[in-house]
Every structure is written in structure tokens, then in C-alpha cells.
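**Q** This is the structure, below, for whatever I ask next.
In the UniProt record's numbering, the protein residues as written are 1 to 229.
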């Protein structure tokens, strides 16, 4: 059984693996959100744990040539990676500033940018990857304070959704959540304790193992057709 669940619009079939020798259609800003020390390895920081296992795989897996890794220059035209140093509830400010600066350097007529957000997914089975596109207008944020912070700042800056066609950066959003399970109790205090508890070795292994299927999702995203303004 697949360990990936995609939330896709109707009539949008899952893509097949792309031909890596062809020009890409998108460029990715891959960002993780979580908490800094002393919450570095808690369940709420699962996005950071996934990020750290994912990033080393990209230079070789994104290469069109077997047994060869991409140079830094080659990587820069396909993706940029960034791990948020902020606390989860304050994710939006620093992430959007960095994203905006990066977008300003791009030729979006050639390739549109996708913001990929790696985050923890409460309620999903441990290690299960769930993909959702867009903001709350497309799929619920499920009360995730980090995602809410990002979407609020993006909206305030007019980056997503755009305020007017002339300001349209072509930005797409791809939310990649990795499952951390759920507590038995749904009470707010119990949930807070659960997400701020350090992960066990078993949990860390499951989250890190999600990196491999996420690479495949990112490869598909690089070749996804551009959206119209």
C-alpha cells in the first residue's frame, strides 16, 4: 500500500514519473517548519526531521544522469531549500520574507515557483505522507498554527492568492505533511503535550523514511504544467 495520500482537485490524475532530460516547468522553494531547541526532536518538528533526510537526496535524485550529482549551480535552477529558525506559531514572517526575496530573482515567465512546505500532520498515521495544494480555500489547514501563520503573511503580502494579475508571481503551494499519529484525548492540553513530546527512535525512523517518497513527489512537481494567471 502506498504511503502517500494526495489531496487533488477532481479530474487531476496522478502524474507519472517525468523524463529528467527534459526542461522543467517549475522551480521549488522547499521549506520546513517546526520549533528550534529545546523542541528540536519533538513531534511538532517532524517537518524539520523530514527536511534533514530529504535534502541530501536531492542532488543525485534530481540528476538526469545516473550516478552523478548536481552541482550547486545546477541545483539552484531547480530548487532552493530553507529550514525555518522560527517557532512554529511564528513561521510566516521569516519564511515569506525569504520566499519573496527568492521570487524576485526568478524569471517566472520561464518557470513558475512552487512553495513546498514540510510540516507535521496530526491525526495521520506515523510516517504517512499527505499532500495538499493551495491554502485554506483548497483544503483545510486543520488548525495547524504554522500553516495558518504562513498563509496569513502570504495573503497580507499579496503573494497568495495574488491581488491583481499584474502582481501575479505564479506561486503555487504544495503542503507536504508527515504523519505523527494522535493522542487518545482530543483535549487541547493533551494535544499540546503530545506534539511537544520528543519522538521515540521508532518515530524518528518512520519520519526519516518518508523522505524517499517525498523526493518522487517533488520530481513530479518540477514537471507539473504551469497555471494560468
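Yeah, the Cβ is synthetic: ideal placement off N, Cα and C, and Gly gets one too.
Compute the distance between the beta-carbons of residue 118 and residue 215, then report whether it is under 9 angstroms.
**A** Not in contact: residue 118 and residue 215 (Cβ atoms no closer than 9 angstroms).
**Q** Please list, in chain order, all residues of the same chain as residue 145 whose beta carbon is under 7 angstroms from its beta carbon, the five residues on each side excluded.
**A** So the qualifying residues of the chain are 88, 89.
**Q** Thinking just about the alpha-carbon of each residue, which of 204, 54, 135, 187 is nearest to the one in residue 114?
**A** Of the listed residues, the one whose Cα sits closest to residue 114 is 135.
**Q** Over the uninterrupted beta strand (DSSP E) stretch that includes residue 120, give me the two end residues.
**A** From DSSP, the beta strand (DSSP E) with residue 120 extends over 112-121.
**Q** Report all residues from its chain with a CB closer than 6 angstroms to the CB of residue 210; omit the five preceding and five following residues, and keep chain order.
**A** Counting only Cβ-Cβ distances below 6 angstroms, and skipping sequence neighbours, we find 50, 127, 129, 178.
**Q** Quick one: Cα of residue 22 to Cα of residue 62, how far?
**A** Roughly 12 angstroms between the two C-alpha positions.
**Q** Could you check if residue 184 is buried or exposed, using at least 16 other CB atoms within 10 Å of its CB as the buried criterion?
**A** Result: exposed.
**Q** Apart from the five residues just before and just after residue 60, which ones in its own chain have a Cβ nearer than 6 angstroms to its Cβ?
**A** Correct list, in chain order: 69.
**Q** For residue 31, report the span of its beta strand (DSSP E) as first-last.
**A** Unbroken beta strand (DSSP E) run through residue 31: 26-32.
**Q** Going by C-alpha to C-alpha distance, which of 37, 203, 81, 40 sits closest to residue 54?
**A** Closest option to residue 54, Cα to Cα, is 81.
**Q** Return the chain-ordered ranges of every beta strand (DSSP E) run that is complete within the segment 59-140 and spans a minimum of 3 residues.
**A** Counting only runs of 3 or more, we get 79-83, 112-121, 129-133.
**Q** Among the candidates 180, 195, 32, whose CA atom is the shortest distance from the CA of residue 96?
**A** Checking every option, the nearest Cα to that of residue 96 belongs to 32.
**Q** Measure how close the beta-carbons of residue 24 and residue 111 come, nearest whole angstrom, since I'm counting them as under 8 angstroms.
**A** 6 angstroms between Cβ atoms; contact.
**Q** Can you give, in chain order, each stretch of the alpha helix (DSSP H) that sits fully within the segment 136-222 and has at least 4 residues?
**A** Qualifying alpha helix (DSSP H) stretches, in chain order: 145-157, 188-195, 201-209, 211-222.
**Q** Following the continuous alpha helix (DSSP H) through residue 52, name the residue where it begins and the one where it ends.
**A** Start and end: 46-54.
**Q** Just the Cα atoms here: how many angstroms apart are residue 133 and residue 207?
**A** For residue 133 and residue 207, the distance between alpha carbons rounds to 21 angstroms.
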